[in-house]
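Take the position in the sequence shown, starting the count at 1, then add 46; the result is the number in our numbering. Down below is the structure, laid out as C-alpha cells.
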Amino acid sequence: MDLDVDAAAGVLRAGGLVAFPTETVYGLGAHALDERAVRRVFEVKGRPADNPLIVHVASLDEVDRVAVPTPLARRLGGRYWPGPLTVVLDARVVVPAVTRGGLGTVAVRVPAHPLALELLRRSGLPLAAPSANRSGRPSPTTAAHVRADLGDTVPVLDGGPCTVGLESTVVDARGEVPVVLRQGSVGAEELGAVAGAGPQLGASPGTRHRHYAPRCEVVVADPREGAATAAALVAQGRRVALVGPPEAPHGVEHLASVDGAEDLGRRLYALLREAEDVGVDAVVVEAVPEDGVGRAVMDRLRRAAEPR
Ligand code: AMP
Ligand code: MG
C-alpha cells in the first residue's frame with residue numbers, strides 16, 4: 047500500500063507505523079514517545095531489544111524535545127543537518143526506555159530528505175526510525191526493498207532510491223570531542239576537522255549484531271582482484287556474480303562496475319539484494335580504499351561477508 051504524506055502523518059499520530067525515505071536508507075517510522083508504537087517497530091523488524099533507535103526530528107531546535115543538547119551537538123548539528131550524522135545525547139524522561147534500548151541516552155538526527163522533513167513537520171512528532179528491513183538483512187534503499195522484507199505489514203511512502211545509500215555516522219556528542227560509535231557517510235577525518243580534535247572510536251550497541259547479509263555468500267576481493275577471485279570460484283563449480291570491475295570473466299554474472307567508494311556506498315545494499323535475486327551462490331565485491339566514506343562501505347561489506 048502506498049500513501050501520501052498527509053495520510054502517513056495521520057497513521058503516525060494514531061500510533062501506527064509508516065516506512066519513509068531518508069537520504070541514507072528507508073526508515074520504519076513510529077511516534078518516538080509512544081511506547082506501544084515503538085514496540086511494534088521492534089516486532090516488525092525482529093530487532094534485538096538492546097539495539098536502540100535513532101529519533102528523527104525536523105530541526106536542531108527540536109532536539110530539545112527528546113534530548114539535552116550540548117555545545118558540541120549544536121556545532122555538529124549546525125554543520126551537518128539536515129544530513130547523515132546522528133548524535134547521542136542524554137535523553138529527556140519523556141523518551142520511553144524501549145526507544146533508548148534501555149540506555150540513559152538517545153540518538154537524534156535531522157534527515158536530509160524532503161519527504162522525511164515534510165512528514166516530520168506535518169505529523170509534529172519526533173519519529174523513531176530504524177532501517178525498514180528485517181533485522182540482519184541488507185538495508186532498504188528503495189520502496190521495493192521495504193516491501194520485499196516487510197510485505198504489506200506497513201504502508202510505504204515512496205520517494206525513489208536513496209541518494210546516500212549507507213546509514214548515518216553515529217557519534218556520542220555528550221563530551222567535548224565526538225566519539226564515533228558507528229561509521230557512516232560522514233568520515234571520521236572530516237568530523238575531527240569540524241570538532242577541532244581527532245574523534246575517538248567507540249562502539250554502538252547495534253554493531254554487536256549480525257547485519258547486512260543477503261541470502262548468498264558475500265566475498266570481499268582485494269582491489270583489482272575481483273575478476274580473478276570470481277573466476278576461481280567458478281572453477282570450483284559455483285555460480286558467481288561480480289561487483290566492481292568494468293567487465294566479468296566468462297561464466298560470471300556481471301552485476302555492476304563501480305566508480306569509487308561513494309558510488310559503491312550508494313548502490314551496495316541494492317546490489318546485494320540483486321545478487322540474491324539472480325540466484326548465484328556467491329557475490330564477489332572488490333574492496334575500495336578505506337578513507338572517508340570508504341571506511342563505512344568496507345565496514346558494511348565485511349559484516350555482510352561474515353560467515354553465518
Ligand atoms: P539503525 O537505526 O538500524 O541504523 O541503527 C541505529 C544505530 O545507532 C545502531 O548502531 C544503534 O546501536 C545506534 N544507537 C542508537 N541509539 C544509541 C544510543 N543511545 N547510544 C549508542 N548507540 C546508539
Ligand atoms: Mg539497520
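Note that CB positions come from ideal geometry on N, CA and C, so glycine has one too. None of the values given here were measured: they were computed from a predicted structure.
- At least one heavy atom of ligand 2 lies closer than 8 angstroms to the C-beta of PRO176.
- In this chain, SER185 is not harboured by any beta strand (DSSP E), its DSSP state being neither H nor E.
- Going by C-alpha positions, ASP107 is about 17 angstroms away from VAL140.
- For HIS102, the three-state secondary structure derived from DSSP is strand.
- For GLU308, the enclosing alpha helix (DSSP H) begins and ends at 306-324.
- In this structure, ligand 2 has no non-hydrogen atom nearer than 8 angstroms to the beta-carbon of GLY311.
- Per the DSSP secondary-structure output, GLN246 pairs in a beta bridge with VAL225.
- If you compare the alpha carbons of GLN282, ASP305, GLY311 with that of VAL298, the shortest gap goes to GLN282.
- Taking 8 angstroms as the cut-off, the C-beta of PRO98 counts as close to a heavy atom of ligand 1.
- At least one heavy atom of ligand 1 falls within 8 angstroms of the beta-carbon of GLU213.
- For SER169, the uninterrupted alpha helix (DSSP H) run begins and ends at 160-169, by DSSP.
- Here VAL84 has ALA76, VAL144, THR145, ALA174 as same chain residues with Cβ atoms under 6 angstroms from its own Cβ, once five neighbours each way along the sequence are excluded.
- Around the C-beta of ASP80, 16 or more other C-beta atoms lie within 10 Å, and the residue is accordingly described as buried.
- Relative to ligand 1, the beta carbon of PRO130 is positioned no closer than 8 angstroms to any heavy atom.
- In the three-state DSSP reduction, ARG86 falls in the helix class (H, G or I).
- Distances between the C-beta of VAL71 and the heavy atoms of ligand 2 include at least one below 8 angstroms.
- Here PRO160 is exposed, its C-beta having fewer than 16 other C-beta atoms within 10 Å.
- Cβ atoms of ASN179 and ASP195 come within 8 angstroms of each other, at about 5 angstroms.
- The closest heavy atom of ligand 2 lies less than 8 angstroms from the beta carbon of GLY252.
- DSSP links ALA302 through a beta bridge to VAL289.
- For ASP136, no alpha helix (DSSP H) encloses it; the enclosing beta strand (DSSP E) starts and ends at 131-136.
- At a Cβ-Cβ threshold of 9 angstroms, HIS257 and ARG346 count as neighbours.
- Ligand 1 has no heavy atom closer than 8 angstroms to the beta-carbon of LEU166.
- Look at HIS257 here: in three-state DSSP terms it is coil, with no helix or strand label.
- DSSP places VAL334 outside both helix and strand once states are collapsed to three, so it counts as coil.
- When rounded, the separation of the alpha-carbon atoms in HIS300 and ARG285 is 12 angstroms.
- Leaving aside the five residues that flank ARG120 on each side, the residues in its chain whose CB is nearer than 8 angstroms to its CB run, in chain order, LEU106.
- Distances from the CA of ARG155 to each of ARG59, ASP323, ILE100 were compared; the closest alpha carbon is that of ILE100.
- According to the DSSP assignment, THR275 belongs to the alpha helix (DSSP H) that extends over 272-281.
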